[in-house]
Amino acid sequence: MSTASVPLPNWITYGLMPFLNLVVAFLISGVVVWFIGESPLDAVTLLLQGALGNGEGIGFTLYYATNFIFTGLSVAVAYHAGLFNIGSEGQAYVGGLGAALASLALDHYVPWYVTMPFAVVGAAIFGAAWALIPAWLQAKRGSHIVITTIMFNFIGAAMMVYLLVHVLIVPGKMAPETRVFLEGGQLPKLDWLIAMFGGKLGPAPFNASFLIALFMCVVVWVLIWRTKLGYEIRTLGANPTAAVYAGIPYVKTVIITMLISGGLAGMMALNPVLGASARLQVEFVGGAGFVGIAVSLMGRSHPLGIVLAAILFGVLYQGGDALSFDMPKITRDMIVVIQGLVILFAGALEYLFRPTIVRVWQRFGKA
Amino acid sequence: MENLDLISILGSTIRLSIPLIFTALAGLFTERAGVFDIGLEGKMLFSAFAAAVAAFMTGSPWLGLLAGITVSVLISLIHGFASITNRGNQIVSGVAINFLASGLTAVLGQAWFSQGGRTPPLAASARFTEIVFPYAAELRDTGFIGRFYANIISGHNILTYLAFLAVPASWWVLYRTRFGLRLRAVGENPGAVDTAGISVTFLRYRATICAGILCGCAGTYLAIAQSAGFVKDMSAGKGYIALAALIFAKWRPVPVMLACLLFGFLDAFANFMQGKSVPGIGEVPVQIFQALPYVLTCVLLAGFIGVARPPKAGGVPYVKER
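Chains A and B are the protein sequences, given in the same order. Take 1 as the starting number for the first sequence in full-length UniProt numbering and just add one per residue. Take 1 as the starting number for the second sequence in full-length UniProt numbering and just add one per residue.
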């Protein structure tokens with residue numbers, strides 16, 4: 001008998017199965033570490049110490065997590081509508097332009113809390129704009145959103161390099177980046193938050209965009225589960241034909257969903273551009289858009305899950321840095337391997353253990 | 001523009017198109033069978049690494065090719081296991097493969113050779129080197145046709161000629177064999193194929209294996225024919241360009257080759273134009289040429305240059321009992 005249609009209790013579907021998938025992903029990562037000739041246990045210890053051992057480590061971990069919360073939310077919102085937005089990377093990159101322009105325009109005149117709303121809106125609008133054409137192509141022309149967003153990642157990258165090399169560069173400088181923003185164009189560090197728990201932030205770039213990210217989590221939760229639009233988005237994701245039959249406008253919903261998704265991705269730029277380096281640089285996104293896919297998959301497209309998954313990936317990023325310092329044989333690329341395994345097992349192979357679990361459940365669980 | 005420039009641009013067009021042709025043909029097989037293949041990039045990278053390592057260890061380019069193909073087929077089978085057997089999301093599986101390739105090749109490369117993710121440079125005997133056709137040297141200085149013969153027809157490595165053979169071969173397999181007919185059918189209407197008593201699963205697995213072999217050639221070409229070793233992330237988005245070419249060619253073999261040549265030409269032309277200025281316009285930014293393949297593909301997808309209609313069952317896992 002097929003096991004695909006047997007219902008399972010929620011704690012198995014949303015708790016046990018993702019957990020098992022994660023365990024397998026990490027076990028295989030351990031095998032890779034062992035294969036290279038290092039001790040997986042030592043590696044895990046070093047990784048956790050580096051990520052969570054002191055205030056600075058925690059600051060870096062949460063800084064990375066902030067990026068992943070934004071991109072994770074971006075992927076998740078689109079996913080609820082049945083759209084797979086692979087373009088968060090490009091949308092975040094272009095969003096950086098919006099954020100940077102706001103800072104460049106205002107930092108001479110006003111304090112940061114005046115600049116911030118403009119930067120947030122600028123980043124969101126530019127990110128959303130970069131999602132608009134793929135959204136329109138999907139909604140009106142039926143071209144696959146995955147393909148178009150991939151294309152737009154590359155187009156965006158080429159455009160941003162052009163702008164940074166030819167337009168925004170400081171005259172006379174070699175580095176393709178904008179000038180450094182003054183204090184009025186930066187987001188303040190959250191050293192007081194770390195100090196509340198008795199730690200010291202040090203040079204870690206943990207900043208106010210973390211709070212914006214958490215706020216956006218609440219906004220997304222309200223949007224998806226407590227508004228009419230959210231209901232329409234979820235209906236569209238569950239069954240587009242039924243959604244259209246029920247009178248939900250397909251074109252409008254797809255485009256609005258992708259604009260929200262692109263806007264959230266764009267806001268990710270606040271963290272590195274305004275919060276950390278205080279200037280717009282080439283390649284500042286650094287793959288965070290793609291990590292967002294893993295984060296959203298692991299977090300089952302729920303804001304709470306996304307925050308937890310983002311912190312896990314933050315630990316991996318910061319811990320991976322510390323690890324590559326102490327174990328030179330394990331380079332930063334190990335994080336990319338772990339990401340790949342997590343995406344493979346938590347995403348593509350998510351039903352790997354289902355048949356087995358169903359059999360065990362039928363034998364023992366129901367008794 | 002002088003003839004000499006045209007010849008050298010066309011020559012580098014061919015060199016830059018070869019990995020695209022192999023990879024786009026690989027995508028042709030899987031996508032025509034109804035399996036989306038975002039992981040082309042990753043397969044290319046994995047096979048480039050395997051080919052470089054094997055060629056370095058054994059000193060034989062043919063063993064390098066074998067290793068490249070073997071690894072690429074194995075990765076294809078993982079993709080198949082996730083997306084055909086487990087009915088997982090094919091795009092997610094492809095994304096995962098790309099991540100794994102980028103990370104694992106760099107980690108293993110660093111652990112084994114400690115050269116920043118590179119493999120050690122290969123000797124000429126461990127590479128596929130250029131084949132010089134008869135009289136090429138003599139004809140090199142005899143006008144346009146002679147130069148064309150010497151630089152464009154002759155003087156490439158064996159994989160280049162193999163790529164151009166793979167195009168009619170793929171066409172023949174897809175359009176003139178029973179396997180090809182069934183493969184195309186399974187991408188349009190797997191239910192009908194299943195009703196005819198043919199295994200959808202087995203057909204799709206065979207399609208992914210074909211793709212693995214072709215991607216293996218692409219990666220091998222990158223690592224041990226075009227360059228003399230593996231460099232971290234050396235596929236550099238070529239898998240995605242190939243995907244764009246595949247769509248641009250509307251999933252047909254001969255147009256795939258033409259699209260790859262076009263995108264290769266854009267790449268070669270961008271290299272040629274670097275630092276040169278066009279009269280009246282000034283220096284054309286190289287980024288325009290880099291973005292052009294993607295822009296063209298999007299314009300095509302928008303339906304402004306004909307309609308690109310993908311295989312109907314693409315991306316949908318087949319469930320037997322309904």
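We put the CB at the ideal spot given by N, CA and C, even for glycine. Just so it is clear, the structure is predicted and the values come from calculations on it, not from any experiment.
Rounded distance between the beta-carbons of residue j and residue i, thought under 8 Å
i: V35(B); j: I84(B); result: 7 Å
i: G146(B); j: V132(B); result: About 14 Å; that fails the 8 Å criterion.
i: A265(A); j: S74(A); result: 4 Å
i: E56(A); j: A213(A); result: Rounded, the Cβ-Cβ distance is 20 Å, inconsistent with contact.
i: I14(B); j: I152(B); result: 7 Å
i: V315(A); j: T71(A); result: Going by Cβ atoms, the distance from V315(A) to T71(A) rounds to 17 Å, so no, they are not a contact pair.
i: L297(A); j: A238(A); result: The pair is not a contact, with the Cβ atoms about 18 Å apart (cut-off 8 Å).
i: V256(B); j: A244(B); result: The pair is not a contact, with the Cβ atoms about 11 Å apart (cut-off 8 Å).
Close Cβ partners of residue i (< 6 Å) along its chain, the five nearest in sequence each way excluded
i: L97(A); result: F126
i: A101(B); result: G42, L45, F46
i: A124(A); result: G263, G266, M267
i: A128(A); result: L259, G262, G263
i: L352(A); result: none
i: P9(A); result: none
i: Y318(B); result: P190, V200
i: V286(B); result: A270, Q274
i: V110(A); result: G184
Proximity of residue i and residue j at Cβ, strictly below 8 Å
i: C260(B); j: M151(A); result: no
i: T208(B); j: S47(B); result: no
i: C210(B); j: M44(B); result: no
i: A124(B); j: F56(B); result: no
i: S17(B); j: G264(B); result: yes
i: Q90(B); j: G237(B); result: no
i: A51(A); j: A322(A); result: yes
i: Q138(A); j: L190(A); result: no
i: F128(B); j: I224(B); result: yes
i: I306(A); j: A76(A); result: yes
i: F49(B); j: G116(B); result: no
i: G103(B); j: V23(A); result: no
i: G198(A); j: G59(A); result: no
i: V167(B); j: V254(B); result: yes
i: L258(B); j: L292(B); result: no
i: A348(A); j: A96(B); result: yes
i: L344(A); j: S93(B); result: yes
i: A310(A); j: G95(A); result: no
i: L242(B); j: A24(B); result: Reading off the sequence shown, one finds Ala at residue 242(B), where the question assumed Leu. Yes, Cβ-Cβ distance for A242(B) and A24(B) is below 8 Å.
i: L296(B); j: F230(B); result: no
i: I194(A); j: F210(A); result: no
Where residue i falls, given that 16 or more other Cβ within 10 Å makes a residue buried
i: T105(B); result: buried
i: M196(A); result: exposed
i: T142(B); result: exposed
i: R182(B); result: buried
i: G39(B); result: buried
i: Q274(B); result: exposed
i: N271(A); result: buried
i: R204(B); result: buried
i: R309(B); result: exposed
i: R184(B); result: buried
i: Y93(A); result: buried
i: S277(B); result: exposed
i: F325(A); result: exposed
i: Y175(B); result: exposed
Cutoff 7 Å; reference residue i; Cβ partners in own chain excluding five residues on either side
i: Q290(B); result: A270
i: A102(A); result: T115, F118, A119, G122
i: G319(A); result: L47, L48, G50, A51
i: M1(B); result: Because the pLDDT of M1(B) is 42, which lies under 50, any placement of that residue in the model is unreliable, and the question is left without a value.
i: L20(B); result: K238, I241, A242, A245, C260, F263, G264
8 Å Cβ shell around residue i - same chain, five flanking residues per side excluded
i: F313(A); result: Y64, A65, F68, V291, A294, V295, Q339
i: I69(B); result: S47, G212, I213, G216, C217, T220
i: A243(A); result: E232, T235, L236, Y250, T253
i: G59(B); result: A123, S125, A126
Heavy atom of the ligand GDP within 7 Å of residue i beta-carbon
i: G314(A); result: As far as ligands go, the structure on display features none, and thus does not contain the ligand GDP.
Segment contact flag, the region 112-121 of chain A with the region 181-192 of chain A, C-beta cutoff 8 Å, min 3 pairs
yes
May I ask you to verify whether the region 190-210 of chain B touches the region 25-41 of chain B, counting CB pairs closer than 8 Å and requiring at least 3?
yes
Flag this pair as touching only if the region 276-285 of chain A and the region 160-167 of chain A have three or more C-beta atom pairs under 8 Å; answer yes or no.
yes
Can you confirm whether the region 128-147 of chain A touches the region 84-94 of chain A when touching is taken to mean that 3 or more C-beta pairs between the two stretches lie within less than 8 Å?
yes
The region 245-264 of chain A / the region 225-233 of chain A touching (three or more Cβ pairs under 8 Å)
yes
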